[in-house]
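What follows is a single structure, written as structure tokens, with notes after it.
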Amino acid sequence: MNVIVTGAAGFIGSHVAKDLIQKGHTVLALDDLSGGNESNIPKGAIFLKASINDDLLNAFKNFKPDFVYHLAAYAAEGLSHHIPSFNYQNNVLGTINVLNSAYHAGAKHFVFTSSIAAYGHPHNNEIFDESSYCIPCDPYGTAKLACEHHIRAFVDYFGAMKYTIFRPHNVFGPNQNISDPYRNVVGIFMAKAMQGLPMPIFGDGSQTRSFSFINVVAESIAEAPFNEDAVNQTFNIGGDESMTVKELAEQISEAFSIPLNIEWLSYRKEVAHAHCTHDKAKRVFSAIYNKSVSIKEGLKMMADSVKKEPIPQITECPSPIEIFELLPPSWAARLAIN
Ligand SMILES: NC(=O)c1ccc[n+]([C@@H]2O[C@H](COP(=O)([O-])OP(=O)(O)OC[C@H]3O[C@@H](n4cnc5c(N)ncnc54)[C@H](O)[C@@H]3O)[C@@H](O)[C@H]2O)c1
């Protein structure tokens, strides 16, 4: 099959592209390298350096994709409050452009990575399942939910294409950008650990997340168009194990064999506890879910991988800040310099 993977120089996209190549498919890897790294693109993929907002029609028509996996996005959720126009331009209009191009090029299946951010704050400590009410609480989650609705309506109206939507959460592993100051708490903590610097925590570190090692997430995404039970379905995807951000810092210190060193930052507005069920994904991708690893094992694998490479240069925000009010002071200090 011919498949296009957008965001293939990024973290999850590179693993999806690699899995598809290993299974014998021809992969066109599209990325503008705004947040990813060319070295992540797996050997054997054809690299197209382009933005998802470019005119992609000819490239898509020439390649004749059977399936399109759309993962490219600027995924700094907390920062999205401060760059709303950029967020919607990149993550909504870019998605619509990719979807239109996929349709015109005759693709039969469109796979989209939404996010747990589509749900917003849990009500009464709710664990989200796919039927939970979605009330996103930031522009990033709002953009993801808008794309989900658009894709479903598009497929329903035009009919010619199928879709699968995934809502991942807190994914980590090799190839993740550890030098983005605005997202990827696991990567941020590991970069600090490697530099002997304190790990920054907003508030008291009691926020909990279900950190999810990459393998199950990437393999499930790659398999979706080949699995009848995933047709026109939406899945939460990731691990069940919950951990506080402070416990994460402890685990990462242990993985790097260093004493715990935390920089306590003032509280920022964010979802305190974000968790979801994975019963549906476990049913449909059961063989893949059997390969789940614990957070501890996953952190060890990621630590072993990042220790081999020098720490990359900081990835700056690709947009000017639109609203400075309420920026966490540590971010404001960075952004004022740049
Ligand atoms: N990592 C997570 O925990 C997580 C959780 C929920 C959802 N997601 C979603 O999964 C997808 C992949 O996330 P990731 O963690 O691999 O992020 P990532 O930043 O590592 O990868 C995204 C890639 O998209 C590229 N990109 C961004 N804007 C682009 C544009 N305009 N044109 C072309 N390329 C562009 C970047 O260069 C980058 O390589 C994203 O859609 C993200 O919103 C990720």
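In the working numbering, each number is its position in the sequence shown, counted from 1, plus 1120.
Where a beta carbon is used, it is the ideal one built from N, C-alpha and C, also for glycine.
(request) Compute the distance between the beta-carbons of ALA1353 and THR1397, then report whether it is under 8 Å. (result) Before going on, a small fix: residue 1353 reads as Gln here, not Ala. Against a cut-off of 8 Å, the Cβ pair of THR1397 and GLN1353 comes out as no contact.
(request) Determine the extent of the alpha helix (DSSP H) in which TYR1409 is found, giving its start and end residues. (result) 1406-1409
(message) Could you pull the DSSP bridge partners for ASP1152 from this structure?
(response) Bridge partners of ASP1152: none, in fact.
(message) Give me, in chain order, the residues of the same chain whose beta-carbon lies closer than 7 Å to that of ASN1295; leave out the 5 immediate sequence neighbours on both sides.
(response) PHE1131, SER1134, HIS1135 and ASN1160
(request) Verify the CB distance criterion: does LYS1428 have a CB-CB separation below 8 Å to chain C? (result) Here there is only one protein chain, and chain C is not present.
(request) Tell me whether the beta-carbon of HIS1468 lies closer than 8 Å to the beta-carbon of PRO1242. (result) Given a span of 1121 to 1458 for the chain in the structure shown, any question on residue 1468 remains unanswerable.
(request) Leaving out five residues on either side along the sequence, give the residues of the same chain with a beta carbon under 7 Å from the beta carbon of ASP1258. (result) GLU1197, SER1200, HIS1201 and ALA1237
(message) If I follow the unbroken alpha helix (DSSP H) through ILE1236, where does it start and stop?
(response) Per DSSP, ILE1236 belongs to no alpha helix (DSSP H) and is neither H nor E.
(message) Can you check which of these residues, ALA1129, ASP1174, ASN1304 and SER1406, is closest to ALA1149 by C-alpha distance?
(response) ALA1129
(request) Might you give, ordered along the chain, the residues of its own chain that have their beta carbon closer than 6 Å to the beta carbon of LYS1312, omitting 5 neighbours on each side? (result) MET1319
(request) Report the option in GLU1383, PHE1309, ALA1401 and ILE1321 whose CA atom is closest to the CA atom of ASN1347. (result) ALA1401
(request) Can you grab the Cα-Cα spacing for the pair THR1262 / ILE1141, in whole Å? (result) 32 Å
(request) Please name the residue, chosen from ASN1178, GLY1323, ARG1329 and LYS1143, that lies closest to GLU1361 on a Cα-to-Cα basis. (result) ARG1329
(request) Jot down the residue ranges of each uninterrupted alpha helix (DSSP H) in the region 1332-1411, minimum 4 residues, whole runs only, in chain order. (result) 1334-1343, 1365-1375, 1399-1404 and 1406-1409
(message) Buried or exposed, going by whether 16 or more other CB atoms sit within 10 Å of the CB of GLU1268?
(response) buried
(request) Spell out the partners DSSP gives PHE1248 in its beta bridges. (result) CYS1396
(request) Report yes if the C-beta distance between GLY1293 and ILE1321 is below 8 Å; otherwise report no. (result) no
(message) By alpha-carbon positions, which one of MET1310, GLU1374 and PRO1301 ends up nearest to SER1450?
(response) PRO1301
(message) Between PRO1185 and ligand 1, is there a pair consisting of the residue's CB and a ligand heavy atom that are separated by less than 7 Å?
(response) no
(message) What does the alpha-carbon distance come out to for the pair ILE1372 and ALA1423?
(response) 8 Å
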